[in-house]
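**Student:** Position 54 (the sequence shown) corresponds to 57 in the numbering used here; numbering is contiguous. Just so you know, even glycine gets a beta-carbon here, dropped at the ideal spot from N, CA and C. Being a predicted model, the structure only gives us computed values, none of them experimental. Here it is, the structure in full.
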Amino acid sequence: LSSLSPPRYQRENFSHPTTMSYIAAALTPSPVAAAFPGIQWDPLGKLNLNPREKSLLRNAEHNPIDYTLSTEQEAKTYSCLLLRILSESLGPTGPSRVSFVKETLSTEDAMQILRVDAMGVVAHYVITKLYE
Numbered sequence: 004l005s006s007l008s009p010p011r012y013q014r015e016n017f018s019h020p021t022t023m024s025y026i027a028a029a030l031t032p033s034p035v036a037a038a039f040p041g042i043q044w045d046p047l048g049k050l051n052l053n054p055r056e057k058s059l060l061r062n063a064e065h066n067p068i069d070y071t072l073s074t075e076q077e078a079k080t081y082s083c084l085l086l087r088i089l090s091e092s093l094g095p096t097g098p099s100r101v102s103f104v105k106e107t108l109s110t111e112d113a114m115q116i117l118r119v120d121a122m123g124v125v126a127h128y129v130i131t132k133l134y135e
């Protein structure tokens with residue numbers, strides 16, 4: 004995850020000291036983004052996803068996000084699911100191989116990383132989706 008820069012904040016309003024607003028800068032694209040469509044949720048048993056959750060993840064990938072999150076409850080369910088997956092995918096296993104990737108990978112190389120470090124790619128996927 005070291006390749007994902009933390010958001011930087013910029014002060015937007017200087018007119019009044021108590022009226023400040025902040026905007027987040029763009030998230031650096033994941034170097035393994037080309038592997039995101041290759042994520043298979045079924046074999047990722049560590050995540051303990053039920054069929055409904057897997058279906059929600061697939062729908063979010065194949066449909067426009069506005070369609071997937073058409074109600075407040077769906078948006079809340081999806082966001083909570085992503086946060087849970089992030090928590091479970093990072094776990095106490097130490098740094099993932101994705102952490103050491105510094106440049107955007109080709110689809111072939113990104114898929115190779117997915118095969119050897121699925122949880123690292125999943126963590127990048129979730130961070131990207133939460134940012135979107």
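1. Does DSSP put Leu4 in a helix, in a strand, or in coil?
2. Mind checking whether His127 and Ser33 have CB atoms under 7 Å apart?
3. Leaving out five residues before and five after Thr131 in sequence, what residues of the same chain have Cβ atoms less than 6 Å from its Cβ?
4. Does the Cβ-Cβ distance between Leu50 and Ile88 come in under 7 Å?
5. Can you tell me which of Leu72, Ala37, Trp44 puts its alpha carbon nearest to the alpha carbon of Ser1?
6. Helix, strand or coil for Glu135, going by three-state DSSP, please let me know.
7. Determine the burial state of Gly48: buried for a count of at least 16 other Cβ atoms within 10 Å of its Cβ, exposed for fewer.
8. Are Ala113 and Ala63 closer than 7 Å when you measure CB to CB?
**Tutor:** So, to answer that:
1. Within the sequence shown, residue 4 is the residue found at index 1, counting from 1. Its pLDDT being 44, under 50, Leu4 is placed unreliably by the model, and the measurement read from it follows with that caveat. Leu4 falls in the coil class under three-state DSSP.
2. Along the sequence shown, read from residue 1 onward, the residue named residue 127 stands at position 124. Along the sequence shown, read from residue 1 onward, the residue named residue 33 stands at position 30. Yes, the pair counts as a contact, with Cβ atoms nearer than the cut-off.
3. For this step, residue 131 is matched to residue 128 along the sequence shown. Closer than 6 Å at Cβ, skipping near neighbours: Ser33.
4. By 1-based counting over the sequence shown, the position of residue 50 is 47. By 1-based counting over the sequence shown, the position of residue 88 is 85. Yes, the Cβ-Cβ distance between Leu50 and Ile88 is below 7 Å.
5. Only positions 4 to 135 of the chain appear in this structure, which leaves residue 1 out of reach.
6. Within the sequence shown, the letter at position 132 stands for residue 135. Note: Glu135 maps to coil in three-state DSSP.
7. On the sequence shown, residue 48 is found 45 positions in, with the first residue counted as 1. By the 10 Å Cβ count, Gly48 comes out exposed.
8. Taking the sequence shown and counting its residues from 1, one reaches residue 113 at position 110. Taking the sequence shown and counting its residues from 1, one reaches residue 63 at position 60. It is not a contact, given that the beta carbons lie outside the stated cut-off.
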